[in-house]
Every structure is written in C-alpha cells, then in structure tokens.
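Take a look at the structure set out below.
Numbering (the numbering used here), first residue to last: 4 to 78.
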C-alpha cells in the first residue's frame, strides 16, 4: 500500500518490547519519535484506541471526556 502511494518507509526488526522506553532503545530513537497505542474500554463497554506520542502521559480524565464517558480502563 505504501509503495503504491509512493511513500518511503523502512522496516526495522527487533526483539519484542513491552514499554515505550524499550521501543525507543530498540530503534535507536527518542521516546518522542515513537508512538504508543492504548486499547481502552469505556464504562459503557465500548472499546476505544488512543495513539499518542511515546513520551506523553495519558490524562485519564481528559481522555474519558474526549470519548464522551466518565471512566476508561485498559482492555
């Protein structure tokens, strides 16, 4: 798909990582150059996905407000 659109990319293989800090280390990058994705559930049992810069922290109250709920939990 990227090739069809003429978009340059690079595949970088690495060992499995479980934190954004470890991901940055594996890629030789800073955390701000990576992204993290969070799969969350609302109190109404709907799933949402947040994708954010790797060096950012979640403001849980603001995140919940953004998706129109009072509480989010990790799925």
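Ideal placement from N, C-alpha and C gives every residue a C-beta, glycine not left out.
### Query
How should residue 30 be labelled, buried or exposed, when 16 other C-beta atoms within 10 angstroms of its C-beta is the threshold for buried?
Per the 10 Å Cβ criterion, exposed.
### Query
Apart from the five residues on each side of it in sequence, which residues of its chain come closer than 8 Å, Cβ to Cβ, to residue 52?
Around residue 52: 40, 41, 42, 43.
### When 20, 78, 19 are compared against residue 45, the one with the closest alpha-carbon
Residue 45 has its Cα closest to that of 78, out of 20, 78, 19.
### Query
Looking at C-alpha atoms only, which residue of 55, 50, 60, 54 is the closest neighbour of residue 72?
Ranking 55, 50, 60, 54 by Cα distance to residue 72 puts 50 first.
### Query
In three-state terms, what does DSSP make of residue 33?
Three-state DSSP puts residue 33 in coil, outside helix and strand.
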